[in-house]
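In terms of the working numbering, the sequence shown is residues 449 to 781.
Using N, Cα and C, we set each Cβ at its ideal position, and we do this for glycine too.
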Amino acid sequence: MKLLLNILCLLGLILTSCTTIESLSFDIIQPAKITFPVYARSITTVSRKMPGKEFNGTYINGYENLQKLSIKTRKNLGATIERSIINTLNETQYFSRIESYGEIDAEVLNNKIIQGIKDSTSTSSILFLKSFSIEPTLIDFIYGPSSEYYTSTFRIKIKAIFDIYLGYDIQPKTIAFTDSIKWDSYSTNKEDLHQFIPDIDECLKEAAEYIGNKVVQQLLPSNKNVKRFYFNTSSPIMKDADRYWKSGNYDYASYLWEYMYETNKKNYFKAMAAANLALYNELKDNYIQAEIWAKISIDLFKDNSEERKMMENYLKELKKRIEDDQILRFQLI
449 MKLLLNILCL LGLILTSCTT IESLSFDIIQ PAKITFPVYA RSITTVSRKM
499 PGKEFNGTYI NGYENLQKLS IKTRKNLGAT IERSIINTLN ETQYFSRIES
549 YGEIDAEVLN NKIIQGIKDS TSTSSILFLK SFSIEPTLID FIYGPSSEYY
599 TSTFRIKIKA IFDIYLGYDI QPKTIAFTDS IKWDSYSTNK EDLHQFIPDI
649 DECLKEAAEY IGNKVVQQLL PSNKNVKRFY FNTSSPIMKD ADRYWKSGNY
699 DYASYLWEYM YETNKKNYFK AMAAANLALY NELKDNYIQA EIWAKISIDL
749 FKDNSEERKM MENYLKELKK RIEDDQILRF QLI
């Protein structure tokens with residue numbers, strides 16, 4: 449009898465050790481930072497008139513000597529940013545009307561200016577480029593004792609602030625961000641080191657377009673790739689479910705996981721089945737049911753186990769999706 453119990457325990461350990469975690473990824477829609485009511489989905493872009501077209505930064509040569517770096521441009525970067533925003537918005541067809549008002553010599557928009565812009569463009573919302581700054585950095589590196597190989601990195605740090613006036617709102621919502629864009633060049637000749645870096649005007653144009661794309665990402669719902677997982681074991685039921693899942697027959701896989709949950713007496717296997725059912729329901733957009741199964745799984749896994757920690761992290765991401773779904777219901781009308 450004792451021998452039989454030992455064998456059964458060993459078999460249990462073997463079955464447990466045969467657990468594998470399958471990973472997958474898929475795209476979800478994440479809400480925009482700003483929610484435009486339906487009545488406010490026509491927009492005009494406006495940029496503040498900037499005082500100058502010269503930007504100062506730092507140049508670090510290959511010998512770590514710091515020098516002042518000053519770049520100038522002939523381009524109107526505010527207009528370039530506006531064009532980038534308008535071109536991207538036009539591709540999405542999210543707004544019924546998109547207009548450009550151009551530059552305005554004002555740090556803030558008062559009620560009179562706001563109404564004047566709306567009247568002249570027949571739009572309900574305003575995107576105002578309130579300020580932006582550019583800080584250039586050029587860094588050269590020398591590799592090797594005989595200085596036979598050189599690299600150079602030209603980086604532009606961007607700071608931008610946008611005010612958004614939605615519909616009838618007088619107080620704007622603000623979007624502020626800091627980011628950077630860079631270009632690299634390589635050479636075995638120091639004199640030719642910067643040849644692969646575009647000219648200054650082209651770099652600044654790319655930086656301005658980058659600003660435009662970044663702000664649009666915060667105005668519209670966008671795709672985001674997320675990573676998920678499910679449990680598989682050497683159990684015939686779980687193996688069959690895995691085959692169904694990988695072939696795209698998700699409903700059949702869920703039937704087997706539900707059968708495993710209802711018939712298996714071991715909490716560990718019930719917990720894995722519940723975890724997989726949470727994923728299945730998430731993919732079906734049944735977020736509340738997915739949350740229920742995730743909580744069941746967490747309760748069944750042992751305290752402080754890796755599986756429980758994984759499911760606790762998954763539940764946090766799932767709750768974020770549930771919150772986002774409530775926002776998306778308004779944004780995707």
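Measuring straight from C-alpha to C-alpha, what distance separates residue i and residue j?
i    : j    : result
F749 : S695 : 28 Å
L452 : C466 : With a pLDDT of 41 at L452, under the threshold of 50, the predicted position of this residue should be treated as unreliable, though the coordinate-derived value follows. Looking at the two C-alpha atoms, the distance is approximately 21 Å.
W705 : K743 : 16 Å
D611 : T622 : 5 Å
D475 : I533 : 24 Å
F679 : Y707 : 15 Å
M449 : K718 : Caution is warranted here: a pLDDT of 45 is assigned to M449, below 50, making its placement in the model unreliable, and the coordinate value is therefore given only provisionally. Those two C-alpha atoms are separated by around 28 Å.
K481 : L727 : 26 Å
Q737 : A723 : 12 Å
Q643 : E512 : 21 Å
S682 : K768 : 33 Å
S544 : Q666 : 18 Å
R787 : S579 : Here the chain has residues from 449 to 781 only, and residue 787 is not among them.
I546 : S573 : 10 Å
L472 : D690 : 12 Å
N454 : D772 : Note that N454 has pLDDT 42, beneath the 50 cutoff, so the model's placement of it is unreliable and no number is given.
K757 : W741 : 15 Å
Whose C-alpha, out of the options, is nearest the C-alpha of residue i?
i    : options                : result
Y616 : N637, Q563, L586       : Q563
C569 : G550, F679, I469       : First, the residue type needs correcting, since residue 569 is Thr and not Cys in the sequence shown. Looking at the Cα atoms, G550 is the closest of the given residues.
V674 : R545, E765, T540       : E765
L577 : I561, T585, D588, E530 : E530
L514 : T585, F543, Q737       : T585
D567 : M759, S490, A721, D747 : S490
A527 : G660, Q541, V486, K638 : G660
L614 : I587, L575, F644, C651 : L575
T506 : A721, A689, T601       : T601
T468 : Q478, F677, N761, D688 : F677
K638 : K497, G510, M498       : G510
N559 : E596, I618, I519       : I618
Y716 : D747, E730, D733       : D747
Taking the DSSP output, what are the residues bridged to residue i?
i    : result
F625 : A608
L517 : G505
T483 : BP columns for T483 are empty, so no partner.
L586 : Y507, F602
I788 : No statement about residue 788 is possible, as the shown extent of the chain runs from 449 to 781 and does not include it.
S490 : R545
E639 : Paired residue(s): none; E639 is not in a bridge.
Y613 : I574
T468 : N680
D567 : Note: D567 sits in no beta bridge, so no partner.
D772 : D772 is not bridged to any residue.
G550 : V494
Give me the Cβ distance between residue i and residue j, rounded to the nearest whole Å; I'm assuming they're in contact under 8 Å.
i    : j    : result
P620 : L780 : Actually they do not touch by this definition, with Cβ atoms about 24 Å apart.
I590 : Y598 : 6 Å
A655 : I629 : 5 Å
T483 : I775 : 6 Å
K662 : F625 : 6 Å
Does the beta carbon of residue i fall short of 7 Å from some heavy atom of the ligand ATP?
i    : result
Y634 : Of ligands this structure carries none, so the ligand ATP is not represented either.
- Message: With a threshold of 8 Å, are at least 3 pairs of Cβ atoms found where one atom belongs to the segment 477–493 and the other to the segment 531–549?
- Response: yes
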